[in-house]
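This report refers to the structure that appears directly beneath it.
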Amino acid sequence: MAGWLAVWPALLSHGDRARLLLAVGLAGLAVLAVGMAAARATAIAAALAVLGASYALHLILDRPPVDTRAALVGAGLLSAAELAFWSIELRREVAAQEPGRHLRRLTAEISLCLGGLALAALVLAAADIGHGGNAAVQVAGAAAAIALAVLAAVSLRRPQT
Amino acid sequence: MTRRASPRLAAYGLLCALALVGALAARRPELVAVAAPFALVLALATLVDSPPRLSARFALDRDRALEGEVLDAALYLRTADPVSRVEAYVVVPPAVEVADDALPVSLHLEPEEPVDVPLRLLCPQWGSFALGDVRVRASDALTLFAWEQRFAGTQRLRVYPRPETLRRLVPPLSTQAAVGSEVARVKGDGLEFADLRPFVPGDRVRSVNWRASARRAELVVNERHPERNTDVVVFLDTFVDARRLDAGILDRAVRATSTLATHYLERRDRVGLVALGGTLRWLQPGSGLVQRYRLVDALLETEVVFTYAWKDASVIPSRTLPPRALVVGVTPLLDARGMAALLDLRGRGRDVAVLEVSPLDIVEPGLSDDDKLAYRLWRLQREELVSRFTRLGVAVGRWRGDESLAPRIEEVTAFRRHAAPVRR
Numbered sequence: 002m003a004g005w006l007a008v009w010p011a012l013l014s015h016g017d018r019a020r021l022l023l024a025v026g027l028a029g030l031a032v033l034a035v036g037m038a039a040a041r042a043t044a045i046a047a048a049l050a051v052l053g054a055s056y057a058l059h060l061i062l063d064r065p066p067v068d069t070r071a072a073l074v075g076a077g078l079l080s081a082a083e084l085a086f087w088s089i090e091l092r093r094e095v096a097a098q099e100p101g102r103h104l105r106r107l108t109a110e111i112s113l114c115l116g117g118l119a120l121a122a123l124v125l126a127a128a129d130i131g132h133g134g135n136a137a138v139q140v141a142g143a144a145a146a147i148a149l150a151v152l153a154a155v156s157l158r159r160p161q162t
Numbered sequence: 247m248t249r250r251a252s253p254r255l256a257a258y259g260l261l262c263a264l265a266l267v268g269a270l271a272a273r274r275p276e277l278v279a280v281a282a283p284f285a286l287v288l289a290l291a292t293l294v295d296s297p298p299r300l301s302a303r304f305a306l307d308r309d310r311a312l313e314g315e316v317l318d319a320a321l322y323l324r325t326a327d328p329v330s331r332v333e334a335y336v337v338v339p340p341a342v343e344v345a346d347d348a349l350p351v352s353l354h355l356e357p358e359e360p361v362d363v364p365l366r367l368l369c370p371q372w373g374s375f376a377l378g379d380v381r382v383r384a385s386d387a388l389t390l391f392a393w394e395q396r397f398a399g400t401q402r403l404r405v406y407p408r409p410e411t412l413r414r415l416v417p418p419l420s421t422q423a424a425v426g427s428e429v430a431r432v433k434g435d436g437l438e439f440a441d442l443r444p445f446v447p448g449d450r451v452r453s454v455n456w457r458a459s460a461r462r463a464e465l466v467v468n469e470r471h472p473e474r475n476t477d478v479v480v481f482l483d484t485f486v487d488a489r490r491l492d493a494g495i496l497d498r499a500v501r502a503t504s505t506l507a508t509h510y511l512e513r514r515d516r517v518g519l520v521a522l523g524g525t526l527r528w529l530q531p532g533s534g535l536v537q538r539y540r541l542v543d544a545l546l547e548t549e550v551v552f553t554y555a556w557k558d559a560s561v562i563p564s565r566t567l568p569p570r571a572l573v574v575g576v577t578p579l580l581d582a583r584g585m586a587a588l589l590d591l592r593g594r595g596r597d598v599a600v601l602e603v604s605p606l607d608i609v610e611p612g613l614s615d616d617d618k619l620a621y622r623l624w625r626l627q628r629e630e631l632v633s634r635f636t637r638l639g640v641a642v643g644r645w646r647g648d649e650s651l652a653p654r655i656e657e658v659t660a661f662r663r664h665a666a667p668v669r670r
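For the protein sequence lines, the chains are A and L, in the order given.
If you read the first sequence in the working numbering, its first letter stands for residue 2, the second for the next number, and so on.
If you read the second sequence in the working numbering, its first letter stands for residue 247, the second for the next number, and so on.
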């Protein structure tokens, strides 16, 4: 999944831009490999940011029309992230003694990625409606960003005892 | 419960923020779509952010065991809320082992399905141990959060030293008045033949030795030695310990003390204990099963407490040393204070025997010539110390912990038989 995310923006581009996007994508892939080998969450987060930046650079440099495949990119990034973090957790956690535990986790991960894909597609559909600089859509986007920041703060509050 | 968030929540929050900022800066809605799945995870995190109502308890099948025994135990896990994954661990001291690597455990818990995890504990080392602390970590299906809690336990496990089999014990010079298993030197009613004497009115007819009476043409009766009990005080030197890896002098000394005390008590003797070291512990002589448990419980608390203070036999309460009691000193002969106390007791006319718990297999010579010379001098010094005891008529049995105790007891017995102490 990460490999596809690394090379796909370069495939959509051409010339020097394609080489730049490929270099960024491969750099992200390398950081991801190092992060998984060393079991470092920070490195995995940085790798995902670099892979996402590769796609963002493609959007900025090549200026395609609204790319409906962005939902796949988002879901792909999420699935790569979940699988990477899961591999780290497997190395540290106690061996499962009840049957079906990994299957339950896999089912939850698949559901999460499909849910993310659906949400991303919904966002793209809404963006398509608001294409053209509708101010109401821009305000809604800003409100969504603020809500997300609040959500992150609530989720990441200090460990409770 | 202590809540810990998965590190990926922070990573997803950062990715969302970067994607949204990028979307605003580049005016590309695709980046919002890229951020949307990560935002979904953050939203889900708020839904699972509630601690599960768990309880955990550890219970032992019994709280006493012998060295080397296997104990049954169980870990009980209950929950009022479904928990996708529970990891549980029972804190056990290093001297206790959990068989089959059964800990930690990882389970799925449902409210209607309590889980009892059977455990087996191996007790290779004697001692008194506190058990029962259970550490639990619960997490959701996606491990977005982990909830940790410690359930304190108050179980106390006593592992007693396993006594070695001894066929013979060091016999005291004097016996006491109660019935026991030691043949007394005095004459009275018993089984062992002592002497012949002329019949006097009042003697029982069954005591008449008819064969001797026929030879002497007068009635002669048998005199016998009665079986009496004895008083034994085990003197444990706890000033110093020497250890290498798992082998320790104090462990061996406690094991020897337990062996001697157990066998003397089985003979219906009265056994007391004096542990002289950084702290003084004593137990007045007593007999029976209760005294046996008192002795081993006192031994379980034995430890070396370092001190510079000089202590000798004068600090020992007189009521712990009955008259005519045999004092068996169990000592590594490493500290002058322990040796001085035993020599002092001998000087006061006490019946003393010494069991040396040799540290020679633990202490090795160094590599340099000076170290080797120092080692030889140290061994010579130990020989001189032993000779000080033997010159005073005190038998010294030199015991290495990796061999049987019985031959050393025989050595002490043989020395005492041939070196008759002078009575004052």
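Glycine included, every Cβ here is placed at the ideal spot set by N, Cα and C.
Check	Outcome
Within 9 Å, strictly: CB atoms of residue 518(L) and residue 476(L)	no
Interface flag, residue 92(A) vs chain L, CB-CB below 9 Å	no
Helix, strand or coil at residue 480(L) [DSSP, three-state]	strand
Backbone secondary structure at residue 548(L) - three-state DSSP	coil
Residue 49(A), buried or exposed, once every other Cβ within 10 Å from all chains shown has been counted against 16	buried
Coarse secondary structure for residue 348(L), derived from DSSP in three states	coil
Validate contact between the region 608-621 of chain L and the region 583-594 of chain L using beta carbons, cut 8 Å, 3 pairs	no
Pick from 7(A), 13(A), 57(A), 74(A) that is closest to residue 33(A), judged by C-alpha positions	7(A)
Cross-chain neighbours of residue 60(A) in chain L, by beta carbon under 8 Å	272, 274, 276, 277
When 449(L), 506(L), 557(L), 491(L) are compared against residue 415(L), the one with the closest alpha-carbon	506(L)
Sub-9 Å separation of residue 617(L) and residue 486(L) beta-carbons	no
Buried versus exposed call for residue 439(L) [16 or more other C-beta atoms within 10 Å across all chains shown]	exposed
Residue 232(L) versus residue 462(L): straight-line alpha-carbon distance, rounded	Since the first and last residues shown for chain L are 247 and 670, residue 232(L) lies out of range.
Cross-chain neighbours of residue 678(L) in chain A, by beta carbon under 9 Å	Here chain L covers residues 247 to 670 and nothing more, so residue 678(L) does not appear.
Cβ-Cβ distance between residue 392(L) and residue 504(L) below 9 Å	no
Nearest-angstrom Cα separation, counted from residue 412(L) out to residue 348(L)	37 Å
Inter-stretch contact at 8 Å, needing at least 3 Cβ pairs: the region 617-631 of chain L / the region 648-659 of chain L	no
Validate contact between the region 396-409 of chain L and the region 256-270 of chain L using beta carbons, cut 8 Å, 3 pairs	no
Cutoff 7 Å; reference residue 344(L); Cβ partners in own chain excluding five residues on either side	338, 365, 367
Below-9 Å beta-carbon distance, residue 258(L) vs any chain A residue	yes
Residue 41(A) versus 88(A), 2(A), 14(A), residue with shortest Cα-Cα distance	88(A)
Inter-residue Cα distance where the pair is residue 500(L) and residue 532(L)	19 Å
Residue of 128(A), 104(A), 17(A), 122(A) minimising C-alpha distance to residue 58(A)	17(A)
First through last residue of the alpha helix (DSSP H) which encompasses residue 636(L)	615-637
8 Å contact criterion, which residue 363(L) and residue 351(L) should meet: CB distance rounded	5 Å
Backbone secondary structure at residue 528(L) - three-state DSSP	strand
Residue 597(L) in three-state terms, based on DSSP	strand
Proximity test, Cβ basis, 9 Å: residue 284(L) and chain A	yes
Within chain L, partners of residue 68(A) - CB distance below 8 Å	276
Local conformation of residue 279(L) per DSSP, three classes	helix
Any 3 or more C-beta pairs closer than 8 Å across the region 632-650 of chain L and the region 593-602 of chain L	yes
Partners in chain A for residue 254(L), counting only beta-carbon separations shorter than 7 Å	42, 82, 86
Proximity test, Cβ basis, 9 Å: residue 45(A) and chain L	yes
Beta bridge counterpart(s) of residue 553(L) as assigned by DSSP	DSSP, once it has assigned bridges, lists no residue as partnering residue 553(L).
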